[in-house]
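Heads up, the sequence shown is in my numbering, so the first residue is 176 and it goes up one at a time. C-beta: ideal position from N, C-alpha, C; glycine also. Notes to accompany the following structure.
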Amino acid sequence: MTYRDPRSWVWAEALELLRGTERLQRRLFQVGAAEAPGWEPPVDLYETVDGLTLSVALPGVAASELEVSLESGSVVVRGERAFPVEYQRAIIYRLEIPYGRFERRIALPAGQFQLVDRRLANGCLTLDLRRMG
176 MTYRDPRSWV WAEALELLRG TERLQRRLFQ VGAAEAPGWE PPVDLYETVD GLTLSVALPG
236 VAASELEVSL ESGSVVVRGE RAFPVEYQRA IIYRLEIPYG RFERRIALPA GQFQLVDRRL
296 ANGCLTLDLR RMG
């Protein structure tokens, strides 16, 4: 079947609606959703001459909503992306951007590291970590 065949595109649309419904259901009806983070932001981790650089994609997250910590060989980034107030009463046709609480725990390579710089620009949190010793 090709997309010229109505059965094909109707089936494709139905599958897309099901996928969207499943994504929405996972976000809205998580067990323990009040305490548990609802999503994990994507990250990149680079080793440089001086240490490590970690980039976390967080568009729409305010710096005041971020918490960064070093915990037993990992960097933990926590926070919340608030749903825009102006859309809270809107009819939603597609909702793919995750909102609510998030947490990302990134295991670091062996060694001791110290957080030396933290920048939030263009929707990306960049953390510079220096290797100790």
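- Secondary structure note for residue 289: its beta strand (DSSP E) is the uninterrupted segment 288 to 296.
- When DSSP reads this structure, residue 225 sits in no beta bridge, so it has no partner.
- Looking at the DSSP output, residue 232 sits in a beta bridge with 299.
- For residue 194, the three-state secondary structure derived from DSSP is helix.
- Nearest in C-alpha terms to residue 277, of all of 302, 293 and 251, is 251.
- The residue among 225, 279, 224 and 260 with its C-alpha nearest the C-alpha of residue 233 is 279.
- 306 is the residue among 281, 299 and 306 whose C-alpha sits nearest the C-alpha of residue 290.
- In its chain, beyond the 5 residues on either side, 232 have a beta carbon closer than 7 Å to the beta carbon of residue 217.
- Annotation: residue 190 to residue 266 spans about 21 Å, alpha carbon to alpha carbon.
- Look at residue 182 here: in three-state DSSP terms it is helix.
- Of all alpha-carbon atoms in 222, 269, 275 and 287, the one lying nearest the alpha-carbon of residue 236 is that of 275.
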